[in-house]
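Going by full-length UniProt numbering, the sequence shown opens with residue 1, and the numbers climb by one from there.
Below is one structure, written out as structure tokens, with a few remarks after it.
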Amino acid sequence: MAQFRNFKMVSYVVYGRGSFNQLDEILAPQRKAGAPMIFLIDHFFTGHALLNRIPLRGNDKIIFADVTHEPKTTYVDALARQLKEEFGTISGIIGIGGGSAMDLAKAVALMMNNPGSSADYQGWDLVKYAGVYKAGIPTLSGTGAEVSRTTVLTGPTKKLGMNSDFTPFDQIVLDPELCADVPANQRFYTGMDCYIHCIESLQGTFLNEFSKSYGEKALDICRHIFLEKDVWDAESDDKLMMASYAGGMSIAYSQVGVAHAVSYGLSYLLGTKHGIGNCIVMNHLDEYYPEGAAEFKRMVEKGGYEIPTGICNGLTDEQFNAMINVSLGMKPLWENALGKNWETIMTREKLRALYEKL
Ligand code: NAD
Ligand code: ZN
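As structure tokens, then:
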């Protein structure tokens, strides 16, 4: 492997309140005769006023993305199959929503041009062909999915992304106005995904100045909006959207750490969603991220957010082992967090004790 990562980035970025109104103009040059644009929209927006602002042309289609559960390979495959049967070819896919809807859009765009199942491409650089044109429009900030080169999917045997140079969006539209209706707890859970990305990246052994510059900026923004400000307002949404972008850029050149590695186990066994799962774990990471965990608790207290506890009560040895296996399988995360000798530090017993606390 090359010594320095040479990573593909999003091609076009537009930022600003109301920038969504430029979508028609942005998509025009991407349209191919007779091939529709597909708008894959988070099901939260069913019946929402935003639908009247979708620039539908010709045989364009709106599909509501069911994000009750995090994206599965079976769902991606079904959507791609449905589009191929109905239209043959399409001009592109526009994912509008949180990390789940954006990841679905990325994966379906890739599966329009790659054979087999999306499960075949869970891993690093397995995708063979470029997908169709794809654009991402976040309506919930924090995951960094808008800038990343992965789309996280739960498959038959693993929860792992389709990491490839074909995965980043061709275009993102960052319009903080779209985040106005997010419930406070959800906004916090997903916002904390960004905060935790920064802590894990900045405290990690893979850190370089590229990651650090973006991570520090995102962290400053999170502190400002979640600790210093007393009310959540439009400016807070403006800022969190940029924190998410910068946090995503920070991990593009480093890696996440303990909270993510442990949270993946919860997600695999219990279906715990990414944002809230990270929060449940961060609540107990004083040993690994003393300052980050303490600051996290101050943010929870200040905003009065609900962080579940006791979610591993009553699990069997077999269940604990399943979570431990998934978590310890995330080797790059542990190496980033604890260094090359991580296996001597994070033993199965130690990880079991941590899971028992959650
Ligand atoms: P989400 O997309 O799962 O959405 C959470 C909830 O918020 C849903 O109920 C959704 O309907 C609702 N919602 C979205 N926008 C809303 C709005 N404007 N108003 C009201 N409700 C709204 O949550 P998320 O935390 O953004 O994304 C989590 C997903 O992102 C996970 O599947 C995770 O694996 C993935 N992820 C991907 C990457 C990546 O790099 N690709 C990085 C981190 C996380
Ligand atoms: Zn994350």
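All residues carry an ideal CB built from backbone N, CA and C; glycine is no exception.
From a predicted model like this one, the values you see are computed outputs, not experimental measurements.
Exposed or buried, residue i, counting other C-beta atoms within 10 Å across all chains shown (16 or more means buried)?
{"i": "Lys273", "result": "buried"}
{"i": "Lys331", "result": "exposed"}
{"i": "Thr190", "result": "buried"}
{"i": "Ile71", "result": "Residue identity check: residue 71 is Pro in the sequence provided, not Ile. Buried, because 16 or more other Cβ atoms sit within 10 Å of the Cβ of Pro71."}
{"i": "Glu295", "result": "buried"}
{"i": "Gln171", "result": "buried"}
{"i": "Gly116", "result": "exposed"}
{"i": "Ala119", "result": "buried"}
{"i": "Thr68", "result": "exposed"}
{"i": "Thr73", "result": "buried"}
{"i": "Thr46", "result": "exposed"}
Using the Cα positions of residue i and residue j, report the straight-line distance between them to the nearest angstrom.
{"i": "Tyr121", "j": "Thr154", "result": "12 Å"}
{"i": "Asp193", "j": "Tyr12", "result": "24 Å"}
{"i": "Arg348", "j": "Glu356", "result": "12 Å"}
{"i": "Lys159", "j": "Ala107", "result": "14 Å"}
{"i": "Gly314", "j": "Met346", "result": "23 Å"}
{"i": "residue 424", "j": "Thr344", "result": "Summary: the structure shown does not reach residue 424, with the chain confined to residues 1 through 358, and so no result is reported for it."}
{"i": "Lys128", "j": "Thr150", "result": "14 Å"}
{"i": "Ser19", "j": "Ile307", "result": "34 Å"}
{"i": "Leu40", "j": "Ala105", "result": "7 Å"}
{"i": "Asp60", "j": "Ala353", "result": "52 Å"}
{"i": "Phe4", "j": "Gly310", "result": "42 Å"}
{"i": "Leu266", "j": "Phe226", "result": "26 Å"}
{"i": "Met175", "j": "Thr139", "result": "It should be pointed out that residue 175 corresponds to Asp in this sequence rather than to Met. Asp175 and Thr139: Cα-Cα distance of roughly 8 Å."}
{"i": "Pro29", "j": "Ala135", "result": "13 Å"}
{"i": "Leu333", "j": "Cys198", "result": "14 Å"}
{"i": "Leu51", "j": "Asn336", "result": "42 Å"}
{"i": "Val10", "j": "Phe169", "result": "5 Å"}
{"i": "Ala184", "j": "Gly303", "result": "9 Å"}
{"i": "Lys217", "j": "Tyr195", "result": "11 Å"}
{"i": "Ala246", "j": "Gly215", "result": "7 Å"}
{"i": "Glu287", "j": "Leu338", "result": "12 Å"}
{"i": "Gly92", "j": "Met111", "result": "12 Å"}
{"i": "Gly271", "j": "Asn341", "result": "30 Å"}
{"i": "Arg31", "j": "Ser148", "result": "24 Å"}
{"i": "Val173", "j": "Asp103", "result": "15 Å"}
{"i": "Glu291", "j": "Lys229", "result": "20 Å"}
{"i": "Leu83", "j": "Tyr75", "result": "12 Å"}
{"i": "Ser100", "j": "Val152", "result": "8 Å"}
{"i": "Asn114", "j": "Val300", "result": "43 Å"}
{"i": "Tyr268", "j": "Gly97", "result": "23 Å"}
{"i": "Thr157", "j": "Val231", "result": "43 Å"}
{"i": "Val132", "j": "Lys8", "result": "16 Å"}
Helix, strand or coil for residue i, going by three-state DSSP, please let me know.
{"i": "residue 384", "result": "Shown here, the chain extends from 1 to 358; a query on residue 384 therefore has no answer."}
{"i": "Gln203", "result": "coil"}
{"i": "Gln82", "result": "helix"}
{"i": "Tyr245", "result": "helix"}
{"i": "Pro138", "result": "strand"}
{"i": "Phe169", "result": "coil"}
{"i": "Leu56", "result": "coil"}
{"i": "Phe45", "result": "helix"}
{"i": "Val152", "result": "strand"}
{"i": "Asn163", "result": "strand"}
{"i": "Met102", "result": "helix"}
{"i": "Ile38", "result": "strand"}
{"i": "residue 362", "result": "No information on residue 362 is available, as it lies outside the stretch 1 to 358 that the chain covers here."}
{"i": "Ala218", "result": "helix"}
{"i": "Gly191", "result": "helix"}
{"i": "Val76", "result": "helix"}
{"i": "Tyr305", "result": "coil"}
{"i": "Ile93", "result": "strand"}
{"i": "Lys61", "result": "strand"}
Assuming residue i and residue j form a contact by the criterion Cβ under 8 Å, report the distance between their Cβ atoms to the nearest whole angstrom.
{"i": "Ile90", "j": "Ala35", "result": "5 Å"}
{"i": "residue 359", "j": "Glu235", "result": "One cannot answer for residue 359 here, as it falls past the ends of the chain, which runs 1 to 358."}
{"i": "Ile38", "j": "Ile54", "result": "No, Ile38 and Ile54 are not in contact; Cβ-Cβ is about 11 Å, not under 8 Å."}
{"i": "Tyr305", "j": "Phe188", "result": "5 Å"}
{"i": "Glu318", "j": "Gly257", "result": "Between Gly257 and Glu318 the Cβ distance is about 27 Å, and since that is not below 8 Å, they are no contact."}
{"i": "Leu351", "j": "Ser327", "result": "6 Å"}
If we define contact as Cβ-Cβ less than 8 Å, is residue i a contact residue for chain D?
{"i": "Val147", "result": "No chain D is part of this structure, which consists of one protein chain only."}
- Below 8 Å, can you find three or more Cβ-Cβ pairs linking the region 243-258 to the region 137-150? yes
- Message: For the region 309-326 against the region 257-270, do three or more pairs of beta-carbon atoms, one drawn from each stretch, fall closer than 8 Å, so that the two count as touching?
- Response: Contact holds: three or more Cβ-Cβ distances are below 8 Å.
- Three CB pairs or more closer than 8 Å across the region 236-245 and the region 268-286: no
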